[in-house]
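S.K.:
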Ligand code: AMP
Ligand code: ZN
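Numbering (the numbering used here), first residue to last: 186 to 654.
#1: Taking its Cβ as the centre, do 16 or more other Cβ atoms sit within 10 Å of residue 333, making it buried, or is it exposed?
#2: For ligand 2, any of its heavy atoms closer than 7 Å to the Cβ of residue 454?
#3: If you run the structure through DSSP and keep just helix, strand and coil, what is residue 359?
#4: Out of 301, 633, 205, state which residue places its alpha-carbon closest to the alpha-carbon of residue 217.
#5: I want to check one thing, is the minimum distance from the CB of residue 234 to the heavy atoms of ligand 1 below 7 Å?
#6: Is residue 402 near ligand 1, with its Cβ less than 7 Å from a heavy atom?
#7: Taking one C-beta from the stretch 255–275 and one from the stretch 297–313 each time, how about it: are there three or more such pairs within less than 8 Å?
#8: Could you check whether the Cβ of residue 495 sits closer than 7 Å to any heavy atom belonging to ligand 2?
#9: Flag this pair as yes or no: are the beta carbons of residue 456 and residue 420 separated by less than 8 Å?
#10: Below 8 Å on the Cβ atoms is my contact criterion, and I expect residue 406 with residue 442 to pass it. Report the Cβ-Cβ distance as a whole number of Å.
#11: Can you tell me whether residue 422 sits near ligand 1, meaning its C-beta is under 7 Å from at least one heavy atom of the ligand?
#12: Among the residues of its own chain, which have a CB less than 7 Å from the CB of residue 488, if the five just before and after it don't count?
#13: Kindly examine ligand 2 and report whether one of its heavy atoms sits closer than 7 Å to the Cβ of residue 343.
#14: Helix, strand or coil for residue 653? Go by DSSP, reduced to three states.
#15: On the DSSP bridge assignment, give the partners of residue 642 in chain order.
#16: Quick check: the stretch 541–559 against the stretch 608–627, are at least 3 beta-carbon pairs closer than 8 Å?
#17: Which one or two residues does DSSP pair with residue 303 in a beta bridge?
#18: Helix, strand or coil for residue 629? Go by DSSP, reduced to three states.
#19: According to DSSP, is residue 219 helix, strand or coil?
#20: When you compare each of 367, 294, 307 to residue 329 by their alpha carbons, which one comes out closest?
#21: CB of residue 431 to nearest heavy atom of ligand 2: below 7 Å?
#22: Quick one: is residue 567 buried, meaning 16 or more other Cβ sit within 10 Å of its Cβ, or exposed?
#23: Who are the near neighbours of residue 363 in its chain, counting only those whose CB is closer than 8 Å to its CB and skipping five residues on each side?
#24: With 16 other CB atoms within 10 Å as the buried threshold, where does residue 565 fall?
#25: Return yes when at least one heavy atom of ligand 1 lies under 7 Å from the C-beta of residue 638, else no.
#26: Am I right that residue 400 and residue 507 are in contact with their C-beta atoms under 8 Å? What's the rounded C-beta distance?
#27: May I ask whether a heavy atom of ligand 2 can be found less than 7 Å away from the beta carbon of residue 427?
#28: Whose C-beta lies closer than 8 Å to the C-beta of residue 393 among residues of the same chain, with five residues either side of it excluded?
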């Protein structure tokens, strides 16, 4: 069965048809690296990862691009406020973002372009728009995109949203000088240097300045994936204006073959909410990934929570939800442990019936809730058969192979080995010292004490380590 996904462009669930058979080219708008990302942001990235993993599961190859927005208004404000260099500042948050991204077991995109490294491509794209008369240099030396000219060429602005042009863009972030623009609807492609930009500027045919946020994604995506590609993702707040503007800039440049859109399939992830409101830095109602780790939760548990609900369903973040995700993982881990014990060295093949039911749910617009239903029915059935002593080694091995396939999509990974607390590690060290000084009685006493506290000493080629009993 083909995978069907809701396409914001057609407002319907459609088959994901790629340009090149067997290969999906996808772009996801990445983080703005001005602070630590919150788990709302990560909901979008984990959903993207789930989709990518599912495409792999279906035997498709994927080329995945996620940009790093390392120049825009918030970053410049922060750089000015801290007096730090742009690259030094953004590197700190980019590194932190990628650490969190890895801890959530998201597969690294094949390309992670930084906007500041694509200035030449951005400038050349703006040049194309200026040459076609769709963009113009204003009195303040900024370059704006003219929605009126774009529409005048027979192009449609508002492919993702039905827009009321009279009411458009009220309160939207635009370049500082409103009066320089020919129309309030126009948006900045190139922002002329102003004193507040400090050291952050590049030369261009229109004078020193910096790119607007929207044009960054058009330039980077088309450079890496070509002028027309399969799939573009982001959070639902990006539909307008960011993605509308991306379409307008990319299609306005006239670089696609006739009749081909910039992007075929637009997928948007609904917001993670806190008490009914979008989790957002500006609202102050957010948890960063690191806040939750400090509360004792692991990346695996947070990922498990983020893949509970359908990607198009807004859902509320609660600590209870996170604790429930932890309990779900324990159920899975307990089963896997039992299966390992029964399977021993046996090898088996995954159960196609379970995998087919799982895939049937996910083919339907990535219906993860349905897929979880299949998984928990399967867990219940395995547990029932184990309790009745009906599971042979071979069957257990087959069930393990089934879980491995399911988890290649969920990306939860195995239960991590428990880390011994510092007091236990201190006892282990004391035991090593006792043995070194040939005080074997003391060494044995410590071994017994550790055992009583639930830790067993295991000798490994790298030296002794503690294993939870
Ligand atoms: P930013 O770093 O602000 O550019 O956002 C990175 C990504 O996170 C974008 O795709 C946003 O749409 C997405 N995003 C922001 N807030 C939320 C939220 N509360 N829930 C889900 N996605 C979000
Ligand atoms: Zn973008």
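Glycine included, every Cβ here is placed at the ideal spot set by N, Cα and C.
M.R.: This is what the structure gives:
#1: As a position in the chain shown, residue 333 is number 148, starting the count at 1. Counting Cβ neighbours within 10 Å, residue 333 comes out exposed, since fewer than 16 surround it.
#2: For this step, residue 454 is matched to residue 269 along the chain shown. It does not: the Cβ of residue 454 is nowhere closer than 7 Å to a heavy atom of ligand 2.
#3: What you label residue 359 is simply residue 174 of the chain shown in a count that begins at 1. Note that residue 359 scores 46 on pLDDT, short of 50, meaning its location in the model is unreliable; the coordinates nonetheless yield the value given after this. Three-state result, residue 359: coil.
#4: As a working mapping, residue 217 is identified with position 32 in the chain shown. Checked all of 301, 633, 205; the closest Cα to residue 217 is 301.
#5: Position 49 of the chain shown, counting from 1, holds the residue named residue 234. Result no, Cβ not under 7 Å from ligand 1.
#6: Looking up residue 402 in the chain shown gives position 217. For ligand 1, no non-hydrogen atom lies closer than 7 Å to the CB of residue 402.
#7: Cβ pair count under 8 Å is three or more, so yes.
#8: The residue labelled residue 495 in the question sits at position 310 within the chain shown. Not a single heavy atom of ligand 2 lies less than 7 Å from the C-beta of residue 495.
#9: Along the chain shown, read from residue 1 onward, the residue named residue 456 stands at position 271. Along the chain shown, read from residue 1 onward, the residue named residue 420 stands at position 235. With contacts defined as CB atoms closer than 8 Å, residue 456 and residue 420 qualify as a contacting pair.
#10: The residue you call residue 406 lines up with position 221 of the chain shown. The residue you call residue 442 lines up with position 257 of the chain shown. 17 Å between Cβ atoms; not a contact.
#11: Counting from one through the chain shown, the residue named residue 422 turns up at place 237. True, at least one ligand heavy atom lies under 7 Å from that Cβ.
#12: Here residue 488 refers to the residue found at position 303 of the chain shown. So the list reads 231, 289, 290, 596, 597, once near-sequence residues are dropped.
#13: Within the chain shown, the letter at position 158 stands for residue 343. No, the Cβ of residue 343 stays beyond 7 Å of every heavy atom of ligand 2.
#14: Numbered from its first residue, the chain shown carries residue 653 at position 468. DSSP places residue 653 within a strand segment (E or B) once states are collapsed to three.
#15: On the chain shown, position 457 is the one that residue 642 refers to. Beta-bridge pairing links residue 642 to 651.
#16: No: fewer than three Cβ pairs fall under 8 Å.
#17: Residue 303 sits at position 118 when you count from the first residue of the chain shown. The bridge partners DSSP lists for residue 303 come to none.
#18: In the chain shown, counting from the first residue as 1, residue 629 sits at position 444. Shown here, residue 629 sits in a helix according to DSSP, grouped into three states.
#19: The sequence position of residue 219 within the chain shown is 34, counting from 1. Judged by DSSP in its simplified three-state form, residue 219 adopts coil rather than helix or strand.
#20: Looking up residue 329 in the chain shown gives position 144. Nearest to residue 329 by alpha-carbon distance, out of 367, 294, 307, is 367.
#21: Stepping through the chain shown from its first residue, residue 431 is reached at position 246. It does: the Cβ of residue 431 is within 7 Å (strictly closer) of some heavy atom of ligand 2.
#22: Numbered from 1 along the chain shown, position 382 holds the residue referred to as residue 567. Counting Cβ neighbours within 10 Å, residue 567 comes out buried, since at least 16 surround it.
#23: Position 178 of the chain shown holds residue 363. Because the pLDDT of residue 363 is 48, which lies under 50, any placement of that residue in the model is unreliable, and the question is left without a value.
#24: Here the question's residue 565 lines up with position 380 in the chain shown. By the 10 Å Cβ count, residue 565 comes out exposed.
#25: Taking the first residue of the chain shown as 1, we reach residue 638 at position 453. No; taking the cut-off as 7 Å, the Cβ of residue 638 has no heavy atom of ligand 1 nearer than that.
#26: On the chain shown, residue 400 is found 215 positions in, with the first residue counted as 1. On the chain shown, residue 507 is found 322 positions in, with the first residue counted as 1. About 38 Å; that fails the 8 Å criterion.
#27: By one-based count along the chain shown, residue 427 stands at place 242. Distances taken from the Cβ of residue 427 to the heavy atoms of ligand 2 include one shorter than 7 Å.
#28: Numbered from its first residue, the chain shown carries residue 393 at position 208. Cβ neighbours of residue 393 within its own chain (closer than 8 Å, five residues either side excluded): 377, 378, 386, 387.
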